[in-house]
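Note sheet for the following structure.
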Amino acid sequence: MSESMLSMADGDLADILLDPTGPAEDVALLPEGGETALSLRAVFDLATQDVAPGSRVPVISRRPMLALRHADVYGLIGRALTKKDRFVVRGRTYRVETPEPDGMGGLAVKLLEAGA
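Here the sequence shown is numbered in my numbering, starting from 12 and rising by one per residue.
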């Protein structure tokens, strides 16, 4: 019996996140109302995006983002992420701005610095 495309994609993402030589790193999830930081693996990126597509004046924004597995988050906190959850990445605390499912078991989580 063959694996579905979604389960293969989820397995590939898990392999990337668990590979000690890959781009993933340990991050801490501070769930709303939780006192304990929970550890998981994610890929951190300062994504560059064109804020005004089609504009004559290029406006570039760098946004911190995390790529991680929805199953990892749900396994730790038993629910989806909310804007009241926090992540600690590379010594900086970020709050969740937008968690965007990729449709294949992953999440692209846009972050804001906690003081912003």
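Think of the CB as a built atom: it goes at the ideal place given N, C-alpha and C, for glycine as much as any other residue.
Asked: If we ignore side chains and look at the alpha-carbon of each, how far apart do F55 and V100 end up?; Found: 8 Å
Asked: Just the Cα atoms here: how many angstroms apart are T104 and R67?; Found: 35 Å
Asked: State the start and end residues of the unbroken beta strand (DSSP E) segment that holds A119.; Found: 117–124
Asked: Measuring CA to CA, which of G44, K121, R52, V84 is closest to V107?; Found: K121
Asked: Within the same chain, show all residues whose beta-carbon is closer than 6 Å to that of L49, passing over the 5 residues directly before and after it, in chain order.; Found: L40, L87
Asked: Could you please give the first and the last residue of the uninterrupted beta strand (DSSP E) stretch that includes L40?; Found: 36–41
Asked: Let me know if R80 comes out buried or exposed under the rule of 16 or more other beta-carbons within 10 Å of its beta-carbon.; Found: buried
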